[in-house]
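Chemist: Would you mind keeping the following structure in view while I ask a few things?
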Amino acid sequence: MAKKRVGIIGSPLERHCIYLAREIENQGAQAVVLNTAPNIPFPLTLEAGLEEVGPDPGSGERGRMVPQSREEYAGIDLWEIGAFFLRVFFLPTPAFDPDVEALKEGGYVEYVAQRERYAAWLSWLKWLSETDRVLVNPVDTLLIHFAKPFQIERLRRAGIPVPRTLVTGDGETVRAFAAEREVVYKPVAGGALCRRLTREDLKPERLERLAGAPVLFQEYIPGEDIRVFVLGDRVIGAFRIEGEGLDYRGGAHRVEAVDIDKDIARASTAACRALGLLFSGVDVKRRPDGSWVILECNPAPMFEGFDTVASPTIVSQVARYLIEAARG
1 MAKKRVGIIG SPLERHCIYL AREIENQGAQ AVVLNTAPNI PFPLTLEAGL EEVGPDPGSG
61 ERGRMVPQSR EEYAGIDLWE IGAFFLRVFF LPTPAFDPDV EALKEGGYVE YVAQRERYAA
121 WLSWLKWLSE TDRVLVNPVD TLLIHFAKPF QIERLRRAGI PVPRTLVTGD GETVRAFAAE
181 REVVYKPVAG GALCRRLTRE DLKPERLERL AGAPVLFQEY IPGEDIRVFV LGDRVIGAFR
241 IEGEGLDYRG GAHRVEAVDI DKDIARASTA ACRALGLLFS GVDVKRRPDG SWVILECNPA
301 PMFEGFDTVA SPTIVSQVAR YLIEAARG
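Quick note: the sequence shown uses UniProt numbering, first residue 1, plus one each step.
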């Protein structure tokens, strides 16, 4: 019997692609990494149309027009792969090689070339979700990483506790928001650490800068940082993260596997359902009094570091899910 095949969309050099591919192979399936890097010959071929099928030669009757499509990656028939894991795809703008010289020399032509690559990948990924194949996660869910206010509002409307949030480019609105509570701030699209709002930040010369680009402000929530991993509507691991400073990503931190309350588990799975996520790392803040809020659901979370204390590991459960979803 042929091995099941699982596609990993990302880069053969990205550590989580390597980590997951190795586990898929260890579990007896074949991992196929689809490289979305912007600096390689474009590997994807898509073809769609109508093809006449039948009738028997000489019958004098016309055949039926049947939809046909071809999907290939570097000569590999993608219809033979039943499950895919979307690890790296640059949304919402095209990616560029870190070597900016090509962009300087090519200018708009280089931008358009990358836009076309992006459009082809995006078209295939969106079509993939409309077939009987599994994509973890659907490509549209990656946008929630770049649209944090939308994510917060979707969770709030689903009845899930979230921090009070303000997005604005108006300094006086920030002053009024900060007058009633302690505040943290971060980019609307992510990409930088969360920071405490200070008196220095409220000076006129600082607030005036908001006119050029909005910032996301939230009420400060004291307490523990909890990461909950959800896969296919169930919790597959939860971890307490202890680190220095407001945002544990900014320095050394320690991870410990923990049991979580049923309410947090239910809210985490409900949050993923509300956002259309099959797999997520849900960031929870648990206050000293036991109450909690959900800060964010990550559509492409890193998990290798958590696996050092996980049993069973996150990667083994994700690999098993994908293999079971793949067509034999």
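Backbone N, C-alpha and C define an ideal beta-carbon position, used for all residues, glycine too.
Where does F217 land, buried or exposed, given buried means 16+ other C-beta within 10 angstroms?
Modeler: It is buried - the Cβ of F217 has at least 16 other Cβ atoms within 10 Å.
Chemist: From G250 to L46, what distance separates their C-alpha atoms?
Modeler: Bear in mind that a pLDDT of 45 at G250, under 50, signals an unreliable position, so the model cannot answer this.
Chemist: Between G7, S69, Y118 and L86, which has its C-alpha nearest I40's C-alpha?
Modeler: Selected option, being the one with the closest Cα: Y118.
Chemist: Just how far apart, CA to CA, sit G169 and G159?
Modeler: Approximately 28 Å between the Cα atoms of the pair.
Chemist: Return helix, strand or coil for N39, following the three-state DSSP convention.
Modeler: The answer is coil: DSSP assigns N39 none of H, G, I, E or B.
Chemist: From A29, H16 and P12, pick the residue whose C-alpha is nearest to that of E324; which is it?
Modeler: Here the closest residue by C-alpha is A29.
Chemist: Taking the C-alpha atoms as reference points, what is the distance between R327 and V32?
Modeler: Looking at the two C-alpha atoms, the distance is approximately 14 Å.
Chemist: Below 6 Å CB to CB, which residues in the same chain sit around R286 once its five sequence neighbours on both sides are set aside?
Modeler: Answer for R286: G223, E224, I226 and W292, listed in chain order.
Chemist: Tell me whether the beta-carbon of residue 329 lies closer than 8 Å to the beta-carbon of F229.
Modeler: Lying outside 1 to 328, the shown extent of the chain, residue 329 is not represented and no answer is given.
Chemist: Helix, strand or coil: which one does DSSP assign to L278?
Modeler: Coil.
Chemist: For L20, count neighbouring Cβ atoms within 10 angstroms of its own Cβ and tell me buried if that reaches 16, exposed if not.
Modeler: L20 is buried by the Cβ-count criterion.
Chemist: Note down the Cα distance separating M302 from G281, rounded to an integer number of angstroms.
Modeler: Their Cα atoms are separated by approximately 8 Å.
Chemist: Quick one: which unbroken alpha helix (DSSP H) runs of 4-plus residues sit fully inside the segment 179–237? Chain order, please.
Modeler: Fully enclosed alpha helix (DSSP H) runs of 4 or longer: 204–207.
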